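Engineer: The structure's right below; bear with me while I get my questions together.
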Amino acid sequence: MVNSPVLSTQVPTDLEAFWMPFTANRQFKTQPRLLVSAQGMYYTSHDQRQILDGTAGLWCVNAGHCRPEIVSAITEQAATLDFGPTFQMGHPGPFHLAHRLAQLTPPGLDYVFFTNSGSEAVDTALKMALAYHRQRGEGSRVRLIGRERGYHGVGFGGISVGGIAPNRKFFGSLLTGVDHLPHTHNLEQNAFSLGIPAWGAHLADELEKIVALHDASTIAAVIVEPVAGSTGVLIPPQGYLQRLRDICDRHGILLIFDEVITGFGRLGTAFAADYFGVAPDLMTVAKGLTNGAIPMGAVFARDRIYQTFMDSPTAGIEFFHGYTYSGHPLACAAAEATLNLYERDGIFHQAQAMAPFWQEAIHSLKGSPHVVDLRNLGLVAGIELASRPGQPGQRGFDCFQACYAQGLLIRVTGDIIALSPPLIINKSQIEQIVSTISDVLKTLD
Ligand code: PMP
Numbered sequence: 072m073v074n075s076p077v078l079s080t081q082v083p084t085d086l087e088a089f090w091m092p093f094t095a096n097r098q099f100k101t102q103p104r105l106l107v108s109a110q111g112m113y114y115t116s117h118d119q120r121q122i123l124d125g126t127a128g129l130w131c132v133n134a135g136h137c138r139p140e141i142v143s144a145i146t147e148q149a150a151t152l153d154f155g156p157t158f159q160m161g162h163p164g165p166f167h168l169a170h171r172l173a174q175l176t177p178p179g180l181d182y183v184f185f186t187n188s189g190s191e192a193v194d195t196a197l198k199m200a201l202a203y204h205r206q207r208g209e210g211s212r213v214r215l216i217g218r219e220r221g222y223h224g225v226g227f228g229g230i231s232v233g234g235i236a237p238n239r240k241f242f243g244s245l246l247t248g249v250d251h252l253p254h255t256h257n258l259e260q261n262a263f264s265l266g267i268p269a270w271g272a273h274l275a276d277e278l279e280k281i282v283a284l285h286d287a288s289t290i291a292a293v294i295v296e297p298v299a300g301s302t303g304v305l306i307p308p309q310g311y312l313q314r315l316r317d318i319c320d321r322h323g324i325l326l327i328f329d330e331v332i333t334g335f336g337r338l339g340t341a342f343a344a345d346y347f348g349v350a351p352d353l354m355t356v357a358k359g360l361t362n363g364a365i366p367m368g369a370v371f372a373r374d375r376i377y378q379t380f381m382d383s384p385t386a387g388i389e390f391f392h393g394y395t396y397s398g399h400p401l402a403c404a405a406a407e408a409t410l411n412l413y414e415r416d417g418i419f420h421q422a423q424a425m426a427p428f429w430q431e432a433i434h435s436l437k438g439s440p441h442v443v444d445l446r447n448l449g450l451v452a453g454i455e456l457a458s459r460p461g462q463p464g465q466r467g468f469d470c471f472q473a474c475y476a477q478g479l480l481i482r483v484t485g486d487i488i489a490l491s492p493p494l495i496i497n498k499s500q501i502e503q504i505v506s507t508i509s510d511v512l513k514t515l516d
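Structure follows, in structure tokens:
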């Protein structure tokens with residue numbers, strides 16, 4: 072039960088009022104693409120076509136769609152405790168979930184603050200970093216360092232540390248005191264790398280330059296996605312993240328990993344921090360935490376950060392921050408059921424086992440028309456196409472539309488195809504993704 076799709080094959084006539092996010096509304100509304108139900112690796116479109124999900128929704132449905140265990144956990148929870156406040160009150164859900172998550176996170180990241188999205192998790196982590204230093208009497212540490220081509224959601228904090236011009240330029244002066252590291256993408260050095268590229272660890276040393284410029288005593292935190300997802304799957308060079316970690320340690324700067332995409336098995340390990348063997352001080356997650364079924368995000372904090380707040384000399388509330396829906400009962404139920412599935416079915420391990428086949432399949436596209444780079448790690452991949460002269464992004468969008476017409480959902484950012492299928496994907500579905508893209512590329516001008 073529960074999943075009762077709109078079975079009409081008619082395009083609805085009420086499309087006008089919904090102001091769609093990150094979408095060319097006018098274009099979409101003349102040629103809508105509507106999904107009405109989903110199961111496992113597939114969506115069903117409004118015209119009753121099966122669409123292979125090459126993007127796990129928006130990088131979130133890691134265990135596949137409409138898993139009955141998650142559906143029933145949410146349903147039962149909704150009938151038992153629909154809402155419970157977590158300000159000066161509690162209910163068992165978030166306590167149990169946080170305890171469980173703390174077993175899954177890298178050692179030392181044992182405290183969990185719940186949010187409702189990745190954007191909220193990012194802004195929470197940035198505020199935690201600033202307040203942490205202040206609690207310790209280092210209130211001069213106010214600067215935040217992000218990275219070019221970083222995506223950290225759409226809150227004012229997130230767009231300030233983020234490095235995507237259109238996401239920033241319409242919105243005023245943003246946070247002050249933000250610097251950006253250079254991104255690590257380099258086609259001359261690293262095109263067609265298998266997995267982790269060899270060149271570029273030294274780009275982390277730019278952080279030393281920023282420290283030299285401003286003085287360490289002014290810098291609160293550095294935030295990076297271990298693998299930048301939304302700007303086209305940029306894999307960090309070998310040794311790069313460790314080098315950032317070392318510089319942060321040398322200067323008392325907190326390192327934040329934004330694992331909203333990489334968390335919960337995308338690379339075949341629970342977190343990218345595990346994959347790279349580099350642990351941050353704060354880690355943001357969302358998406359795969361609930362398999363996308365209910366909105367939820369979280370920040371994992373290192374013990375000494377939590378303890379700093381608890382040791383605060385002022386009695387009472389330690390952190391003036393929170394959301395009405397922090398630790399929402401339905402989200403907790405969805406997350407518990409999701410973690411059960413990940414564990415029971417060994418889904419992270421499945422991703423790890425499939426990764427070599429994925430790599431081979433993705434790199435078989437070398438030589439296809441327009442392809443200038445292929446990147447992969449775990450079950451994520453970027454396929455970079457040459458831009459059509461004078462029309463950046465158009466070839467990517469044409470590719471997206473043609474794939475959708477052929478029954479495959481991909482995501483494009485400019486002229487880069489980003490792939491991140493549910494982690495339960497099998498070999499023939501991987502072959503279907505790659506052969507569809509290969510066929511489509513031959514048709515594009
Ligand atoms: N951080 C990263 C790395 C993300 O990829 C995203 C979403 N794609 C976010 C933050 C923001 O998450 P949300 O859309 O849930 O606010």
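Its first residue numbered 72, the sequence shown is counted upward by one per residue in the working numbering. Each residue gets a CB set at the ideal place from its N, CA and C atoms; glycine is no exception. What you are looking at is a predicted structure, and each value in this text was computed from that prediction instead of being measured.
#1: What number of angstroms, rounded off, separates the C-alpha of D85 from the C-alpha of A127?
#2: Less than 8 Å between the C-beta atoms of L480 and D153, yes or no?
#3: Taking 8 Å as the cut-off, decide whether the C-beta atoms of F12 and G393 are in contact.
#4: With DSSP as the reference, label M199 as helix, strand or coil.
#5: Pick from V295, E259, D181, F263: whose alpha carbon is nearest that of E219?
#6: Please report the straight-line C-alpha distance between P76 and S108, rounded to a whole angstrom.
#7: Could you check whether the stretch 346-356 touches the stretch 163-170, counting it as contact only if at least three pairs of C-beta atoms, one from each stretch, sit closer than 8 Å?
#8: Report yes if the CB atom of G339 is closer than 8 Å to the CB atom of G449, and no otherwise.
#9: With I433 and I488 assumed to form a contact (beta carbons below 8 Å), what rounded beta-carbon distance in angstroms separates them?
#10: Grouping DSSP H, G and I as helix and E and B as strand, with all else coil, what is S116?
#11: Would the beta-carbon of Y346 be found less than 7 Å away from any heavy atom of the ligand PMP?
#12: Based on Cα-Cα distance, which residue from G208, S231, T289 lies nearest to S190?
#13: May I ask you to report which of helix, strand or coil DSSP gives R212?
#14: Does DSSP put S499 in a helix, in a strand, or in coil?
#15: Within the chosen definition, does the stretch 184-201 reach the stretch 259-270 through at least 3 CB pairs nearer than 8 Å?
#16: Tell me I122's beta-bridge partners as DSSP assigns them.
#17: Between G271 and P237, is the Cβ-Cβ spacing less than 8 Å?
#18: Determine the DSSP secondary structure at D382, reduced to helix, strand or coil.
#19: Enumerated in chain order, which unbroken segments of the alpha helix (DSSP H) with a length of 4 residues or greater are wholly contained in the stretch 403-456?
#20: Given T484, which residues of its chain have a CB within under 7 Å of its CB, disregarding the five upstream and five downstream residues?
#21: Answer yes or no: the CB of D329 versus the heavy atoms of the ligand PMP, is any distance below 7 Å?
#22: Given a threshold of 16 other Cβ atoms within 10 Å of its Cβ, counted over all protein chains shown, does T514 qualify as buried or as exposed?
#23: Please name the residue, chosen from E279, V298, I332, A343, that lies closest to D317 on a Cα-to-Cα basis.
#24: Span of the alpha helix (DSSP H) holding H251?
#25: On the CB-based measure, 16 or more other CB atoms within 10 Å of its CB, does N497 come out buried or exposed?
#26: Tell me the DSSP bridge mates of I332?
#27: Below 8 Å, can you find three or more Cβ-Cβ pairs linking the stretch 420-436 to the stretch 357-377?
Structural biologist: Reading off the structure:
#1: Using only the alpha carbons, I get a separation of about 27 Å.
#2: no
#3: This structure leaves residue 12 out entirely; the chain is present only between 72 and 516.
#4: helix
#5: V295
#6: Confidence in P76 is poor, its pLDDT being 47 and thus under 50, which makes the residue's placement unreliable; the coordinate value appears in the next sentence. Cα-Cα distance, rounded: 5 Å.
#7: no
#8: yes
#9: About 10 Å; that fails the 8 Å criterion.
#10: S116 falls in the strand class under three-state DSSP.
#11: no
#12: S231
#13: coil
#14: helix
#15: no
#16: Y114
#17: no
#18: coil
#19: With a minimum length of 4 residues, the continuous alpha helix (DSSP H) runs that stay inside the stretch 403-456 are 418-434.
#20: S301, T302, G303
#21: yes
#22: exposed
#23: When only C-alpha atoms are compared, the closest one is E279.
#24: Per DSSP, H251 belongs to no alpha helix (DSSP H); it is in the beta strand (DSSP E), 249-252.
#25: exposed
#26: In DSSP, I332 forms no bridge with anything.
#27: no
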